[in-house]
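Please read the structure below before turning to the comments.
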Amino acid sequence: MLRLNLFVRSEIMNDEILRDLKDAVMKGDEDAAKKTATRALESGLNPEEAIDKGLAKGMDEIGKKFENSEIFLSDMMMAADAMKAALAVFEPKLKEKGITHKRGTVVIGTSRGDIHDIGKNIVATMLTAGGYEVHDLGFDVPPLNFVRKAQEANANVIAVSSLLTSSMYYQKDIVNYLRDMGVRAKYLVIVGGGAVYPKWVKEIDADGYGKFADDAVMVINTLIEKKEQRPILMEGKKILREA
Amino acid sequence: MVQTCSLLPFVEIVDRAHTGPVCSVKEWDIKVLPKIAKEKVEKYGLKFDPENLIISDDSLADAAYQAGFELAVEAGVLCMDTERIIKVSEEELKAAVREAKREQTYGRLSDEVLYYARKPEDKRPIRRHVGPFATAVSEDIFIPTHQAYALCHHVDMLSCGVLPTVYGREVKAGTPYEVLGEMLTVRLLQEAVRRAGRPGMPLAGGDSTGVGHLAAWSYDHLTWGDHCVISMPSDLKTAFFLLNKAAQATVQGYKVYGFSHPTIGGYAGGPEGAAIMSIAAALMCVAVLKADAPETNPYDGRYFGNSSREGMWGRSLCTQAIARNTNFLFGVDVDVVAGPCTEMVLYETASGIINSTVSGAAWTNGIRPVAGRYRDYLGVLEGYLMCEVELATCGMKRKDANDLAKKIVPKYETVLKSKNAPVGKSIRECYDLNNFKPSQEWHDIYTKVKKDLKDLGIPLT
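The listed protein sequences derive, respectively, from chains A and B.
For what it's worth, this note's numbering labels the leading residue of the first sequence as 1, then goes sequentially.
For what it's worth, this note's numbering labels the leading residue of the second sequence as 244, then goes sequentially.
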């Protein structure tokens, strides 16, 4: 009976922790997320369960609300930051167990000469929500910086945004650097932004293009699993058969 | 009583970029600005109304203006290079509003044109910036493409495209290619207007990086008759390369067109937040960038345009707020998502132009098919329709304009929301640039839509 009571209490406590993790993400509360993650570890809750049933649930809700325009970009970014803060607490335990929760590692930024970053920020946030480790280099990023960060972070994906035609050309430079350094095959290069059109992907031998933020994420999700399908061009959740 | 002029000198703006309160870009974007914007939206009870695409409630417009004014004073403008906030006091902002230009001439010779501040339902013509509007236009057709727009005598200022290559080389930002490209761009534009028989026609250039801009505005290139374009990145941000442009413009006496497009769904929040952010941005374009003619309106990031209901409502609200409470030479742009040689691009153009004309904008900038994404995707006729609709709707009552808009928007709304708007055709496919005539297909589409718009109630000739 005592054992049963302890079990029930433990389950209740775990449910509370999962709910608090979800709430912390939905409120964008980094401190609460960190504290609850610590509580989760101390209580013996499996970190994978905490991520899947707590943090990820919160981000799913956030994603739906953003899609329905009930919340906006800043709310989504704060939610992602809260999730990252909690993940950082779980990371050592996961490493110990030899488990990775990461779907992949992405280096993202706005191309050199361009300071527009809203679309890039939406994509970065969605990728974080989708389980990727995201290294956001910000805006006005020289092409070599993308390459070096990708090497340093052992990334799978380099994602580049450009709103201006004059900055879009640096996307080609990134592909050229990767090729000339003999590491082209190591990285998927995904391009997007207001200046980028589907034919451009083939012109520069990039791997994918998404017109809208959710297109970009879907393209990355697909290519991470099935690189041989490159290039994938997506607009409004529809794959373009021709550029 | 004599009011003393307390305009903020530009050098003091630069000082404040070095001494203002510290704030990281991230903190600004996700905490500072959204919080203030949300507070103001709630304080003034602003709420998007999908049935009032063109508002006619003056008290709503005035409330939005107050909200935007307070947002501007409480927030300031963040300088991204120093991560310090340029604060402008209430008194300084009022002085900027009071002393702002209410009339300005552009152009030269017989193409000189007077711009003036307008009010909602104003009977006087709105001024028209028409052209490729920052779309990339290939080098080999750059002159005839711009010439095609300049040939329309209703176009007051040429809204210029972007040259993607210079002597076949890619115009890369921040490189000597960009300097060469911008200087060649100006030469080609000047040739285009000359060939159109409008040698003094004013030009409104694209928003290149600092070096490109300074090259375009150097000796014997763009001049005092033209519009010097300087952006204010959403939301309420600036950077040295933009202030550098403003510094040159201030000393040289160039006429500055400061623009900003707060994104619906972005840091400003929904359409209400984006509308008041647009108002705040207009005020700050004048106070900080020293703009003669601010151009700010919400941009619907979900579709890369502003023809949605939210975009229409937001644009109407911010235009009327500014028009009723200032004498700014306030401009708005019409960002459409469909491509040339489609019915949708024309319906989007019509709804957008009716909105800006009756809401009291001094000028409009358009039309950029497929949001300027595809090189050479221009049809010219959408620009002509812009002029025709503006001329036909000057002086129209806002209520009547709203009734019209509610008939036009459903013609494209479903496709807009599907995010699969037709891309249409490039100018090479739908327009004869040797004889300056549309293709038969495009001509037929234009005729059909124009008739439909007339039947709906727009008094087109």
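Cβ atoms here follow ideal geometry from the backbone N, Cα and C, with glycine treated the same way.
In terms of Cβ geometry, G609/B and F376/B form a close pair [threshold 8 Å]. Selection V257/B, K697/B, I256/B, E317/B evaluated against P277/B yields E317/B as nearest (Cα-Cα). For V588/B and G548/B, the gap between their C-alpha atoms comes out near 11 Å. For P681/B, the CB contacts under 6 Å within the same chain, skipping 5 residues up- and downstream, are L624, Y674 in chain order. If you look at I519/B, you'll find it in the alpha helix (DSSP H) that goes 514-530. Closer than 8 Å to the CB of H101/A there is not a single CB belonging to chain B. For F146/A, the uninterrupted alpha helix (DSSP H) run begins and ends at 143-153, by DSSP.
DSSP places F502/B inside the beta strand (DSSP E), whose first and last residues are 498-503.
Contact of T165/A with chain B by beta-carbon distance below 7 Å involves A379, V405, P407. Looking at the DSSP output, S111/A sits in a beta bridge with V141/A.
Secondary structure at P537/B: strand, using DSSP grouped into helix, strand and coil. Residue-level contact by beta carbon fails for K27/A and chain B, as no gap is shorter than 8 Å. A Cβ of chain A is located within less than 8 Å of the beta carbon of S451/B. Straight-line measurement puts the Cα of L432/B at about 16 Å from the Cα of W467/B. G509/B reaches chain A at F72, L73, I118, counting residues in chain order whose Cβ is nearer than 7 Å. Measuring C-alpha to C-alpha distances from R618/B to each of L41/A, K226/A, V175/A, L164/A identifies L164/A as the nearest. The beta carbons of G448/B and A459/B sit closer together than 8 Å.
Chain A has no Cβ within less than 8 Å of the Cβ of S503/B. In this structure, V320/B and K480/B form a Cβ contact; the two beta carbons are roughly 7 Å apart against a cut-off of 8 Å.
Proximity of G700/B to chain A, defined by a Cβ-Cβ separation below 8 Å, is not satisfied. When DSSP states are grouped into helix, strand and coil, T348/B belongs to the strand group. R611/B sits in a strand when the DSSP states are folded into three classes. Residue contact check for Y617/B against chain A: a CB pair falls below 8 Å.
Residue pairing by DSSP puts S402/B in a beta bridge opposite A447/B. Under the 8 Å criterion on CB atoms, A206/A is classed as non-interfacial with respect to chain B.
The alpha-carbon separation between K668/B and A306/B amounts to approximately 43 Å.
K662, N663: these are the residues of the region 662-685 of chain B whose beta carbon lies less than 7 Å from some beta carbon of chain A, given in chain order.
Sequence-distant partners of I122/A (beyond 5 residues in either direction) whose C-beta falls short of 8 Å from its own C-beta, in its chain, are L73, M76, A213.
Interface flag for S69/A against chain B is set, since a Cβ pair is found closer than 8 Å.
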